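Before any comments, here is the structure.
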Amino acid sequence: MTNLKSKLKDDLNTAIKERDELRSSTLRLTLSAITKEEVAGKAKRELSDDEVQKVITREAKKRREAADAFAQGGRPEQAEREKAEGEVLAAYLPKQLSDAELEQIVAQAVEEARAAGAEGPRAMGAVMKIVNPKVAGQAEGGRVAAAVKKLLAG
Numbered sequence: 002m003t004n005l006k007s008k009l010k011d012d013l014n015t016a017i018k019e020r021d022e023l024r025s026s027t028l029r030l031t032l033s034a035i036t037k038e039e040v041a042g043k044a045k046r047e048l049s050d051d052e053v054q055k056v057i058t059r060e061a062k063k064r065r066e067a068a069d070a071f072a073q074g075g076r077p078e079q080a081e082r083e084k085a086e087g088e089v090l091a092a093y094l095p096k097q098l099s100d101a102e103l104e105q106i107v108a109q110a111v112e113e114a115r116a117a118g119a120e121g122p123r124a125m126g127a128v129m130k131i132v133n134p135k136v137a138g139q140a141e142g143g144r145v146a147a148a149v150k151k152l153l154a155g
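Listed below in structure tokens is the structure:
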């Protein structure tokens, strides 16, 4: 079992003992998603820490989107619950880059792409190829794409 998955299981046991309903239900759902991912495909396999982290990231994104949907639908209690679950999952993810840090990385990538001959809005793909490995897990794809578009347009 990977370090991250075993940490999730240990934290789930602790949350159950402490009768922390929010934390225990969130971790149960996340471990369920991890197990589902492990048995998907032709053969059962053990996920690496990176793969487990991707599942947690996906689950956290679902919580953010659900919170927005509930807030727009006039259900603030449910939106708060989803936000709280997202915060529980955020503790297992790497620290997110600030906007300034992200812009700095994107600016360097734009310079590299221009040096390689990519210009204007068509350089988006080239810049994204440079940026994505550098910010993997530390910034959402939508944020990265917005920063790249902003710098290429400006």
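Residues 2 to 155, numbered by the numbering used here, are exactly what the sequence shown covers, in order.
For glycine and all other residues, C-beta sits at the position ideal for the given N, C-alpha and C.
None of these values were measured; they are calculated from a predicted model.
Taking residue i as part of the alpha helix (DSSP H), name the residues at either end of that continuous run.
i, result
"Pro77", "77–91"
"Glu19", "No alpha helix (DSSP H) contains Glu19, which DSSP labels as neither H nor E."
"Thr161", "Any property of residue 161 remains undetermined from this structure, which presents the chain solely from 2 to 155."
"Arg144", "142–154"
"Pro95", "No alpha helix (DSSP H) contains Pro95, which DSSP labels as neither H nor E."
"Lys43", "First-last for Lys43: undefined, no H or E at that position."
"Gly126", "125–136"
Quick check: residue i and residue j, are their CB atoms within less than 9 angstroms of each other?
i, j, result
"Leu23", "Val89", "yes"
"Leu103", "Val145", "yes"
"Glu78", "Ala68", "no"
"Arg13", "Val53", "In the sequence as presented, Arg is not what sits at residue 13; that position holds Leu. Not in contact: Leu13 and Val53 (Cβ atoms no closer than 9 angstroms)."
"Lys43", "Glu141", "no"
"Arg46", "Glu39", "yes"
"Ala101", "Arg115", "no"
"Lys18", "Gly138", "no"
Of the choices the options, whose alpha-carbon is the least far from that of residue i?
i, options, result
"Ala91", "Glu60, Ser99, Arg82", "Glu60"
"Glu86", "Glu113, Arg65, Arg123", "Arg65"
"Val107", "Lys96, Lys130, Ala117, Gly138", "Lys130"
"Val111", "Ile17, Lys96, Asp11, Val132", "Val132"
"Ala34", "Ile57, Ser25, Lys135, Gln109", "Ile57"
Contact check, residue i vs residue j under 8 angstroms by CB: the rounded distance?
i, j, result
"Val128", "Leu153", "7 angstroms"
"Leu48", "Thr3", "7 angstroms"
Can we count residue i as close to the ligand FAD, meaning its CB is less than 8 angstroms from some heavy atom?
i, result
"Ala68", "With respect to the ligand FAD, the structure offers nothing, as it holds no ligand at all."
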